[in-house]
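If you read the protein sequences in the order shown, they are chains A and B. Under our numbering, the residues of the first sequence are numbered 21 to 71, in order. Under our numbering, the residues of the second sequence are numbered -18 to 211, in order. Cβ coordinates follow ideal geometry from the N, Cα and C atoms, glycine included.
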Amino acid sequence: MTGGEYVAAAYGVVFVFLLVYVAIIAAKLVRLQRDTAELLELARRREHPDA
Amino acid sequence: MSSAFLRIQGLPALAVLAAGLMGLALLLSFFIAPEDGDQGISQRIFYIHVPIALTAYFCFGLGAWKALLLLWRGDERHDLESYVAIHQGTIFGTLTLITGAIWARASWGVWWSWDSNQLVLFLTLFLFYCAYFMLRFSLPEGPRRARSSAVYALFGVALIPVSFLAIRLAEDFIHPTTFTRDGPQMTGTMFAAFCVSWAAVTLLAYVLYRVELVGKRLHTDLRELREALE
């Protein structure tokens, strides 16, 4: 490997780590959104039990 | 004003600032800073490796500070803050070890050197904080877990100055010393590129810390809301 390739590898690793981190945060956001929707449904059913 | 609003207030602006600083850091590191006469292009790893390592120390230090606040004031919100800071520290610690190994391979021809006290002490610090998660998740959630985790996090902070100063204490000449008593051993533009990179990585870590904290607090809030509704 050349020096330039080592530099690209070092910066690339950091970039990939950041991408993975963002993907994990996005997955958690989706889960939070799903939980919020479930709780909203639960609250609505409590408010209008006959609906 | 809701508490959720207070939690994310200023966060988008900080994220934009971090992204801008990161772009500026890359520009300075690759196009403005001159190439090192000794190491050549591989020296440019310095502009990402050292700021990441310093940020890892900062995150571990922040985790210990939050742990101290928990033990001192007894406010349980510091437990989550300490945990998230140490989590960020291990992420940046992993990146320090990987980028350091790549730089070592480019400069010394080996991925790792057990002869360098600084490397071994950083690995010790990193593994110590990895074990923090084993301790934390082996205990049931509650004040006991919070206090035990805080005490462990505080013990680890003693390793930070030792790890940081190891190269000078042990007179180890394998790992390069860039900052001496005579100041930084580099040109002005190299030092500027380093400072901007350091600011960018530290701000990025702080934004990630805040984002993770908001996510975890939202999760806790939703769990409590579910318990109240069911």
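Round the Cβ separation of residue i and residue j to the nearest angstrom and send it over; I've been treating them as touching at under 8 Å.
i	j	result
Ile13 (chain B)	Thr170 (chain B)	6 Å
Leu140 (chain B)	Ser129 (chain B)	Contact doesn't hold; Cβ gap of about 18 Å is too wide.
Glu205 (chain B)	Ala127 (chain B)	Actually they are not in contact, since the Cβ atoms of Glu205 (chain B) and Ala127 (chain B) sit about 17 Å apart, beyond 8 Å.
Leu(-8) (chain B)	Arg125 (chain B)	Rounded, the Cβ-Cβ distance is 32 Å, inconsistent with contact.
Please return the same chain residues whose Cβ sits closer than 6 Å to the Cβ of residue i, not counting the five positions on each side in sequence.
i	result
Ala48 (chain B)	Ser63, Ala131, Ala134, Leu135
Leu50 (chain B)	His59
Gln24 (chain B)	Asp17
Val177 (chain B)	Leu5, Ala6, Leu9
Met3 (chain B)	Ala181
Tyr26 (chain A)	none
Tyr187 (chain B)	none
Ala28 (chain A)	none
Can you tell me whether residue i is buried or exposed, with buried defined as 16 or more other CB within 10 angstroms of its CB?
i	result
Cys40 (chain B)	buried
Glu208 (chain B)	exposed
Leu45 (chain B)	With the sequence shown as reference, residue 45 (chain B) is identified as Ala, and Leu is not the correct amino acid for it. Ala45 (chain B) comes out buried.
Val57 (chain A)	Note that residue 57 (chain A) corresponds to Ala in the displayed sequence, not to Val. With fewer than 16 Cβ atoms within 10 Å of its Cβ, Ala57 (chain A) is classed as exposed.
Gly70 (chain B)	buried
Gly1 (chain B)	exposed
Ala112 (chain B)	exposed
Val214 (chain B)	Residue numbering for chain B in the displayed model covers -18 to 211; residue 214 (chain B) lies beyond these limits and cannot be assessed.
Ser144 (chain B)	buried
Ala100 (chain A)	With chain A represented from 21 up to 71, any question about residue 100 (chain A) goes unanswered, as that position is not in the structure.
Tyr46 (chain A)	Checking the sequence shown, residue 46 (chain A) turns out to be Ala, not Tyr. Flag for Ala46 (chain A) reads exposed.
Closer than 7 Å by C-beta to residue i: which residues in its own chain qualify, once you throw out the five before and the five after it? Chain order, please.
i	result
Ile33 (chain B)	Phe73, Leu76, Thr77, Thr80, Val182
Phe109 (chain B)	Gly137, Leu140
Ser(-17) (chain B)	Low confidence applies here, because Ser(-17) (chain B) scores a pLDDT of 47, under 50, leaving its location unreliable; read the following figure in that light. For Ser(-17) (chain B), where only same-chain residues beyond five positions count, there are no Cβ hits under 7 Å.
Ala63 (chain A)	none
Checking the sheet assignment: what are the DSSP bridge partners for residue i?
i	result
Gly21 (chain B)	B:Asp17
Less than 8 Å between the C-beta atoms of residue i and residue j, yes or no?
i	j	result
Leu35 (chain B)	Trp179 (chain B)	yes
Val34 (chain A)	Ile67 (chain B)	no
Leu210 (chain B)	Arg66 (chain A)	yes
Gly55 (chain B)	Leu106 (chain B)	no
Trp84 (chain B)	Ile26 (chain B)	yes
Leu39 (chain A)	Leu199 (chain B)	no
Leu100 (chain B)	Ser94 (chain B)	yes
Leu185 (chain B)	Ala(-1) (chain B)	yes
Tyr41 (chain A)	Leu189 (chain B)	yes
Leu(-5) (chain B)	Lys197 (chain B)	no
Val65 (chain B)	Glu193 (chain B)	yes
Gln20 (chain B)	Ser88 (chain B)	yes
Can you name, in chain order, every residue of its own chain whose Cβ lies under 8 Å from the Cβ of residue i, other than the five neighbours on each side?
i	result
Ala174 (chain B)	Ala6, Leu9, Ser10, Ile13, Ala14, Tyr28
Arg86 (chain B)	Trp92
Leu104 (chain B)	Leu78
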